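K.L.:
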Amino acid sequence: MSSDATPQQAYRAQVASSLADPRAFWEQAARDIDWIHRPREVLDDADAPFYRWFPDGTLNVCYNALDRHVVHGRADQTALVHDSPVTGTVRSWTYAELLDLVARFAGVLRDLGVGRGDRVVVYLPMVPEAVITMLACARIGAVHSVVFGGFAPAELAARIEDARPTVVVSASCGIEPTRVVPYKPMLDEAIARSSHQPEHCVILQREQLTCELGERDLDWASLMHPDAVAPAACVPVRATDPLYVLYTSGTTGRPKGIVRDSGGYAVALRWSMTHLYGVRPGETWLCGSDVGWVVGHSYIVYAPLLTGATTILFEGKPVGTPDAGAYWRMIAQHRAVAAFTAPTAIRAIKKQDPHAELVPAHDLSSLRALFLAGERLDPDTWRWASDHLGVPVVDNWWQTETGWPIAINPVGPDGALLDIRPGSPGPATVGYDVRVLDERGEEVPAGTEGAICLRLPLPPGTLPTLWQDDERYVSSYLSAYDGYYLSGDGGYVDEDGYVYVMGRTDDVLNVAGHRLSTGALEEALAGHPAVAECAVIGVADDLKGQVPRALVVLKSGIDPDEAGEARLRQELVDRVRAEVGPVASLRQVDVVDALPKTRSGKILRRTMRQIADGDTPMVPSTIEDVAVLDGLRPVLRG
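So in my numbering, the last one in the sequence shown is 652, and the numbering has no gaps at all.
(1) Return helix, strand or coil for D132, following the three-state DSSP convention.
(2) May I ask which residues mark the beginning and end of the beta strand (DSSP E) holding A465?
(3) Within the same chain, show all residues whose beta-carbon is closer than 7 Å to that of T265, passing over the 5 residues directly before and after it, in chain order.
(4) Span of the alpha helix (DSSP H) holding G277?
(5) Between R82 and G504, what straight-line distance do the alpha-carbon atoms span, to the nearest angstrom?
(6) Roughly how many angstroms separate the alpha carbons of Y11 and R591, rounded to a whole number?
(7) Taking only runs of the alpha helix (DSSP H) that begin and end inside the region 24-64, which ones reach a length of at least 4 residues, in chain order?
(8) List the residues that DSSP assigns as beta-bridge partners of L313.
(9) Between the C-alpha atoms of R613 and G388, what's the straight-line distance to the nearest angstrom?
(10) Beta-carbon within less than 6 Å of L33's beta-carbon, same chain only, minus the 5 sequence neighbours each way: which residues are those?
(11) Once the 5 residues before and after V249 are set aside, which same chain residues still bring their CB inside 8 Å of it?
(12) Throw me the rounded Cβ distance for the S380 and A399 pair, which I believe falls under 8 Å.
(13) Have a look at A144 and L260 and give me their C-alpha separation to the nearest angstrom.
(14) Check each candidate in L582, L535, G541 and name the one with the smallest Cα separation from V561.
(15) Mind listing, in chain order, the continuous beta strand (DSSP E) runs of no fewer than 3 residues lying wholly within the region 365-448?
(16) For G417, count neighbouring C-beta atoms within 10 Å of its own C-beta (all shown protein chains included) and say buried if the count is 16 or more, exposed if not.
(17) Looking only at DSSP bridge pairs, what is P196 linked to?
(18) Any contact between the region 288-296 and the region 339-346? By contact I mean 3 or more CB pairs, one from each, below 8 Å.
(19) With DSSP collapsed to three states, give me the class of F165.
(20) Quick one, are the C-beta atoms of V659 and A540 less than 8 Å apart?
(21) Please determine whether the Cβ atom of C76 lies at a distance below 7 Å from any heavy atom of the ligand NAD.
(22) Which complete beta strand (DSSP E) runs does the region 72-125 hold, if anything under 3 residues is left out?
(23) With burial defined as no fewer than 16 other Cβ atoms inside 10 Å of the residue's Cβ, what is the status of E229: buried or exposed?
(24) Among V458, Y487, R623, A168, which residue has its Cα nearest to the Cα of A62?
(25) Would you mind giving the Cβ-Cβ distance between I345 and A353, rounded to the nearest angstrom? I have them listed as a contact below 8 Å.
(26) Given a cut-off of 8 Å, decide if V444 and Q28 are closer than it, judged by their beta-carbon atoms.
(27) Would a C-beta distance cut-off of 8 Å place G330 and P99 closer than the cut-off?
(28) Could you give the residue range of the alpha helix (DSSP H) that holds P142?
(29) Taking the beta carbon of A421 as the centre, do at least 16 other beta carbons fall within 10 Å, making it buried, or is it exposed?
(30) Would you list the residues sitting across from A352 in a DSSP beta bridge?
(31) Label S184 either buried or exposed according to how many other C-beta atoms from any shown protein chain fall within 10 Å of its C-beta, with 16 as the threshold for buried.
(32) Alpha carbon to alpha carbon, how far is P648 from V642?
(33) Report the CB separation of Y498 from R449 in whole angstroms; it is logged as a contact under 8 Å.
(34) Which residues bound the alpha helix (DSSP H) around D231?
(35) The beta strand (DSSP E) with L327 in it runs from where to where?
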């Protein structure tokens, strides 16, 4: 590539080189990580499909996230901001201060018998102690497994049973906008249900609700007193050693433990923070996710700190804490250069503040881009955010399994490098060889829908296997098409390489032999000016096999009478007919108050379809509000 290449050409060349010679590309990227023993071997493919990146390298991820920045002059820079409107507090820690807390809690874990390779289950709300615990585990070579705070006892028990932790770290309570959630009773019940009994539970007592401590329980504050513990030093680990296990729901009901290795993850995340998200050392970044999800692991904790940036930990909601301007307030107050959240959060903001009247109240001049991932970004939501924020709104597609984006439009100092195409997260990024295959495993022409797959090997940072279950890893992801990882998502790639993810493959409708994606129908519905968000499911039909059924949530302030609602339904049916075609056969549109979702924002289409078909629904443990689903049952069965 010549020195006068445009940024767009340079990025395209990077992607091409990462596929043509992955060893050379990732060897170069690995130079941004401080190694104890620099790897001489970049990729070990001798035991394919169990690929291993940097197999002879040793490092410590906590050292890379904290110590090296203190050593190289960032000791007094803010590392972590805890912005908590639910408690009315905003606190911050410099790199030196955060290092001190992490080293001390690593010493606590060490003194409780936690060593290299041992597991620690983290069951905490969005508090700084969650970040401290994760990094403390990394410091001593332990494996953390974060469980979303407030998970039901049965689900927490299943994760304790599988991970077999030496220690569980939890809190007395979590704080929601309208209630305080006691954690300790749920933790106690989960341990009672599990055949594995952790040796100790470290409990953070919160002033909003304290709890009684039992025989195995220890108080966080007492353990962390400077006189009570000696700080722990960094423990060298192999690049292939697990950094964490993060559980995702499995189709069998048994959660799948996604393993994340240490070296490949550190390399990929450090590269992605600057080259994909455009965030550089010393800059501030807001990721409105939760540490219980992969986005929280990757882009609240590890990527920003590996980069030497300032990361914001938000204990609140996009609406209701106190209003739909919460994100804009934080961006302005902390001067964030970029922000990351889920499309469902923007849809919730749009529903509460459809004309974005709260945006001008905040100085967003620092903001260069807004990134959205976790659920398909419909073009209407993209336009709303783009029009009102005046910065690139960048979709990106990835999974718990991959740990960082598969497809994205990268952002540089001057904005998005490539043309933004609404409905697409962009082309595949470095290391990902995306192919769309048909039922026979043959690649389909550009623009044709099929199963989105990734040609092996996957790049660094992606899952090398499942926790203690290589067989399930192969059967779940690698067995459908030889030499490919099955993403579980359907869609297509256009002639310019832009990926279009239209939904999970089990969300594809088969209407009289015609395969239709829910994404195409939802895109047509979402373009109506009255619609805040929507979902389409395929319900069983004796004649056509399946027919689509739509559920829509209206924007705030729109409350039509019976005649007006009937007109609205007809307008929506007409929109789908005009934009998708008569083959869609959409006849039934229900106006509802809310859609059932997981806590990460994914709409429960499969569960709604099962209810509508009269089957026993699979309700995932990650559901945000069971009452929303219960309220829809009569509608779906009607």
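The C-beta atom is built at its ideal place from N, Cα and C for all residues, glycine as well.
On a predicted model such as this, the values are computed, not experimentally measured, just so you know.
P.N.:
So, to answer that:
(1) D132 falls in the coil class under three-state DSSP.
(2) Start and end: 464-469.
(3) Low local confidence applies: a pLDDT of 49 at T265 is under 50, so the model's placement there is unreliable, with the coordinate-based value given in what follows. Setting aside the 5 residues that flank it on each side, T265 has no residue in the same chain whose C-beta is closer than 7 Å to its C-beta.
(4) Membership of G277 in the alpha helix (DSSP H) is indicated by the continuous run 277-289.
(5) Cα to Cα, R82 sits roughly 42 Å from G504.
(6) Because the chain is modelled from 15 through 652, residue 11 falls outside the range shown and cannot be assessed.
(7) The region 24-64 is shown to contain whole alpha helix (DSSP H) runs of 4 or more residues at 36-43, in chain order.
(8) The amino acid occupying residue 313 in the given sequence is Tyr; Leu does not appear at that position. Looking at the DSSP assignment, Y313 forms no beta bridge with any residue, so it has no partner.
(9) R613 and G388: Cα-Cα distance of roughly 11 Å.
(10) Excluding residues within five positions, the ones whose Cβ falls inside 6 Å are D447.
(11) Contacts found: N74, R130, R153, I154, G155.
(12) With a Cβ gap of about 17 Å, S380 and A399 do not count as contacting.
(13) Their backbone Cα atoms lie some 14 Å apart in a straight line.
(14) Among L582, L535, G541, the Cα nearest to that of V561 is on L535.
(15) Taken in chain order, the complete beta strand (DSSP E) segments of 3 or more residues contained in the region 365-448 are 383-386, 407-411.
(16) G417 sits buried, since 16 or more C-beta atoms from the chains shown fall within 10 Å of its C-beta.
(17) In the DSSP output, where bridge partners are listed per residue, P196 has C187.
(18) A contact between stretches requires three or more CB pairs, one per stretch, nearer than 8 Å, and the region 288-296 fails this requirement with the region 339-346.
(19) Correct three-state label for F165: coil.
(20) Shown here, the chain extends from 15 to 652; a query on residue 659 therefore has no answer.
(21) As presented, the structure is devoid of all ligands, the ligand NAD included, so that no description of it is given.
(22) Taking only runs of at least 3 residues, the beta strand (DSSP E) segments lying wholly in the region 72-125 are 92-98, 103-108.
(23) It counts as exposed.
(24) Closest by alpha carbon: Y487.
(25) Correct: roughly 6 Å between the Cβ atoms.
(26) Q28 places its beta carbon less than 8 Å from that of V444.
(27) A contact, by the Cβ cut-off of 8 Å.
(28) Run containing P142: 142-153, per the alpha helix (DSSP H) assignment.
(29) Answer is buried; the Cβ neighbour count reaches 16.
(30) Looking at the DSSP output, A352 shares a beta bridge with W299, A383.
(31) Label assigned to S184: buried.
(32) Looking at the backbone, the Cα of P648 and that of V642 are separated by about 12 Å.
(33) Yes, they are in contact, since the Cβ atoms of Y498 and R449 sit about 7 Å apart, within 8 Å.
(34) For D231, no alpha helix (DSSP H) encloses it; the enclosing beta strand (DSSP E) starts and ends at 231-233.
(35) From DSSP, the beta strand (DSSP E) with L327 extends over 324-328.
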